[in-house]
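Structure first, commentary second.
Numbering (the numbering used here), first residue to last: 32 to 174.
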């Protein structure tokens with residue numbers, strides 16, 4: 032049995048398509064920056080691409096959580112949301128290490144991966160609680 036209904040599936044497909052386009056456009060822009068201007072902002076091109084992937088991933092997650100398509104209908108979203116928030120705070124905390132800085136010689140290091148992934152993890156509870164607050168606000172306005 033599929034835990035998602037048809038509306039949730041259509042939203043997931045829609046935002047997956049949008050995420051793919053975001054990643055594609057950012058990849059093309061980054062490629063052109065390297066090709067025409069020899070501009071590098073990360074230690075390696077692989078790191079740059081992985082960091083650009085996080086924009087698409089974050090968009091997909093935030094839009095699905097906010098529109099109710101991230102968690103299955105029968106799943107307790109609050110407990111998972113708190114777990115994701117803890118994971119995000121942990122990743123952000125661990126990214127600020129004196130032994131491995133985020134930026135060296137003006138280039139992002141691989142340690143920035145932890146910071147960005149922590150921000151993605153934190154986007155889940157922030158989108159979820161924003162959704163709850165907006166639903167409560169709509170209910171008050173209707174009454």
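Note that CB positions come from ideal geometry on N, CA and C, so glycine has one too. All of these numbers come straight from a predicted model, not from anything done at the bench.
query, result
"Residue 76: first and last residue of the uninterrupted alpha helix (DSSP H) it sits in", "76–97"
"Contact between the segment 78–98 and the segment 137–146 (3+ Cβ pairs under 8 Å)", "yes"
"Cβ contact check for the segment 144–156 and the segment 119–133: 3 or more pairs under 8 Å", "yes"
"Under the three-state DSSP convention, the category residue 57 falls into", "helix"
"Three-state class that DSSP yields for residue 66 in the structure shown", "helix"
"Among 103, 93, 167, 83, the one whose alpha carbon lies nearest that of residue 144", "83"
"Straight-line Cα distance separating residue 48 from residue 162", "22 Å"
"Pick from 155, 174, 159, 110 that is closest to residue 88, judged by C-alpha positions", "155"
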